[in-house]
Amino acid sequence: MLLDMIKSAEKRIFFSSLYIGSGETELISTLMARLAEKPSLNLYLQLDLNRSTRPGHSNTAIILLPLLRAFPDRVHVSLFRSPNLRGLMAKIVPPRFNEGWGTWHAKIYGVDNEVIISGANLNKEYFTNRKDRYLRFTGQASLSDYCFDFLRKISTFSFQLLPADAHTDTTQMNPHSYVHGEYAVVWPDPETHPHGITEKAHKALTEFQESHRTSEDEKKEGSCRDSSNVLLFPIIQAGQFRVREEEKFFQFLFGHLKKSAMRAVLPPVGSIPGGVSSISQERPMMDLTSGYFSLYKPYQDLILGTPQVAVRIVAASPKANGFFGSKGISGRIPEGYTFLEQKFMKAVARAAMTFAWLGLGPSNVELNEWEKDKWTYHAKGLWLSPSASSLPVLSLFGSTNLNSRSADIDTELSFVMILPPTRGPADGGRDPVVDLRGQLAREIADIRVDAKEWKGEQRKVRWLTKVIVYWVGNKL
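Note that numbering that gives the first Met the number 0 has the sequence shown beginning at 0, numbered continuously upward.
So this is what it looks like as structure tokens:
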């Protein structure tokens, strides 16, 4: 689909990813061919600097050089670098682990007015045997413009990638720019140190969101609404820059669900708690999944503190974790997630005891693990349904893993889709909102086909792994 989108591009291609895999030669050649066919076409890439410049003969920076050399005025490559890694640590942390201090994590693949929002990177395994989510939007000019403008805003505090042999303008070079082999990494703002962009980024992102909200309010029709009045709105989570829209969304959502449920089942004055209430019989159903399940602690508290909402969680089994079988310390990562799951399920059990005493029925949380032979798991997001037997009315999708890394360290872009109550089309035909809700329900069902009973409590976690988990903290 991405290749077909590129082949149809007329004005702009804008991709955002953590990195581009060294084996994606067809992607590069397709971009090259389309740029040659369309002299007015521009390509914009927003990637992570540390991941894209890992040592090697075919890292992302190197495989992009033919594009940069062939179309120097129409190919724009921006490389974000987290300012958290600085000083002595920046010099001694090995390249494989420097992502632990923050990455550019948003996954957006746009061509003209068509956009795919995903959690997947541009690498072979994502296109073959790694389960992930992709939501495609066509003919949505405002959504496409928002995503494009967002990436261009990020580029104002990102490095620029250029061929070293084409970098003749020495005035662009400054103490923060450097040449490495065939490519140059250029810092565009000599007045700001790359480690000192926190305030600049905070201001840029907050003003960006506010300007888009204001412009949308001024329009008669909201830019992210389709003809069925399905609402789609973006959420930026960049904890290192004090932008925490995802957290605010979770707080608002659970607060709303709790208030709605309490109004629906408020007991008579003087009644004594006991038995199974209607809360446990017909609770809203939230499906939540993450390939790296270390659920952010405030989100855990919201889930465990809201028994009015049933929550089904799917996490990757150790074998479905992308680090399973890795050499060295990274090979312990799946075991580390098992340890975090064990801690979470102990908290679930403690909360269940409280629920039982209050007469709220059994635990509101169910944890399953996804496993499929020779596959890995990377899907993330949530779906909310009014009940277990109804179709979803809300979904969160995008790059966030819903963990501490996503909340505090990485820079994420996700979207919330809210679907209105369905009354049926006026002409008696098919209701597009019902169709969309059905598609979201099939997403859940497709994931749960390979979701099995969680067996983490049976797995042994070595003491050194526990020490490592405590040591790395929210970097896992």
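Glycine included, every Cβ here is placed at the ideal spot set by N, Cα and C.
Closest to residue i by C-alpha separation, out of the options, would be which residue?
i	options	result
histidine 201	Glu370, Glu244, Gly335 and Asn320	Glu244
valine 185	Leu160, Glu209 and His192	Leu160
glutamate 542	Gly290, Ala444, Val242 and Ala406	Residue 542 falls outside the range modelled here, since the chain spans only 0 to 475, and no answer is possible.
lysine 152	Gly324, Glu206 and Leu134	Glu206
serine 329	Pro54, Gly99 and Ser16	Gly99
serine 293	Ser403, Glu334 and Ser389	Ser403
lysine 130	Leu463, Leu418, Lys379 and Arg461	Lys379
tyrosine 133	Tyr295, Gly397 and Pro162	Gly397
glycine 485	Arg331, Arg85 and Ile408	What is shown of the chain runs 0 to 475, which leaves residue 485 out entirely.
alanine 69	Phe126, Gln45, Phe147 and Pro38	Pro38
valine 310	Leu339, Leu383 and Ala350	Leu383
glutamate 340	Ala351, Arg458 and Thr399	Arg458
threonine 337	Ala314, Leu34 and Ala348	Ala314
proline 94	Lys342, Asn83 and Asn49	Asn49
aspartate 164	Tyr177, Glu411 and Gly437	Tyr177
leucine 64	Ala89, Asn83 and Pro162	Pro162
phenylalanine 343	Ala119, Pro333, Gln299 and Phe354	Gln299
alanine 60	Asp47, Glu209 and Asp72	Asp47
arginine 135	Tyr125, Arg241 and Ile116	Ile116
Can you look up residue i in the DSSP assignment and give me helix, strand or coil?
i	result
threonine 288	strand
leucine 294	strand
arginine 53	coil
isoleucine 5	helix
valine 347	helix
isoleucine 196	coil
valine 364	strand
alanine 481	No answer is possible for residue 481: the residues shown for the chain start at 0 and end at 475.
proline 476	Beyond the ends of the chain as shown, which are 0 and 475, falls residue 476; an answer cannot be given.
lysine 219	Unreliable placement is indicated for lysine 219, whose pLDDT of 44 sits below 50; the coordinate value is still reported in the next sentence. Lysine 219: coil per DSSP, three-state reduction.
leucine 17	coil
proline 272	Note that proline 272 scores a pLDDT of 42, beneath 50, so its modelled location is shaky; the value from the coordinates is reported in the next line. It is coil, neither helix nor strand.
asparagine 97	helix
threonine 155	coil
valine 242	strand
glutamine 139	coil
phenylalanine 79	strand
leucine 265	Note that leucine 265 scores 47 on pLDDT, short of 50, meaning its location in the model is unreliable and no value can be drawn from it.
alanine 315	strand
leucine 381	strand
leucine 331	One detail in the question is off: residue 331 reads as arginine in this sequence, not leucine. Looking at arginine 331 - three-state DSSP - the assignment turns out to be helix.
Using only the alpha-carbon positions, how far apart do residue i and residue j sit?
i	j	result
serine 222	phenylalanine 149	Because serine 222 carries a pLDDT of 45, less than 50, the predicted location of this residue cannot be relied on, and no value is offered for it.
threonine 197	valine 448	43 angstroms
serine 21	tyrosine 376	21 angstroms
phenylalanine 253	isoleucine 302	8 angstroms
lysine 6	tyrosine 182	27 angstroms
histidine 179	asparagine 58	12 angstroms
alanine 406	threonine 102	12 angstroms
valine 229	glutamate 281	25 angstroms
alanine 260	glutamate 113	38 angstroms
proline 189	histidine 75	19 angstroms
leucine 40	phenylalanine 96	36 angstroms
lysine 106	serine 77	14 angstroms
proline 187	threonine 155	8 angstroms
glycine 321	threonine 127	13 angstroms
leucine 366	serine 316	11 angstroms
threonine 213	leucine 42	28 angstroms
lysine 10	leucine 66	17 angstroms
valine 308	lysine 257	8 angstroms
Under DSSP, the alpha helix (DSSP H) around residue i begins and ends at which residues?
i	result
threonine 464	462-471
threonine 59	59-62
leucine 30	24-36
methionine 88	86-91
glutamate 181	Looking at the DSSP string, glutamate 181 is not in any alpha helix (DSSP H), and its letter there is neither H nor E.
lysine 10	Element bounds for lysine 10: n/a, residue is neither H nor E.
lysine 123	123-127
Span of the beta strand (DSSP E) holding residue i?
i	result
glycine 397	393-397
glycine 109	106-110
serine 117	113-117
glutamate 411	410-417
proline 233	230-237
aspartate 445	Note, aspartate 445: premise wrong, no beta strand (DSSP E); alpha helix (DSSP H) at 431-447.
glutamate 452	450-452
glutamine 45	41-47
Determine the contact status of residue i and residue j, defining contact as a CB-CB distance below 7 angstroms.
i	j	result
glutamate 370	alanine 444	no
isoleucine 235	leucine 121	no
aspartate 434	threonine 421	no
alanine 440	leucine 381	no
leucine 395	serine 413	yes
proline 283	proline 385	yes
histidine 175	proline 82	no
Got a sec: does the ligand FMN put a non-hydrogen atom nearer than 6 angstroms to the Cβ of residue i?
i	result
valine 466	Questions concerning the ligand FMN fall outside what the structure shown contains, since it holds no ligand whatsoever.
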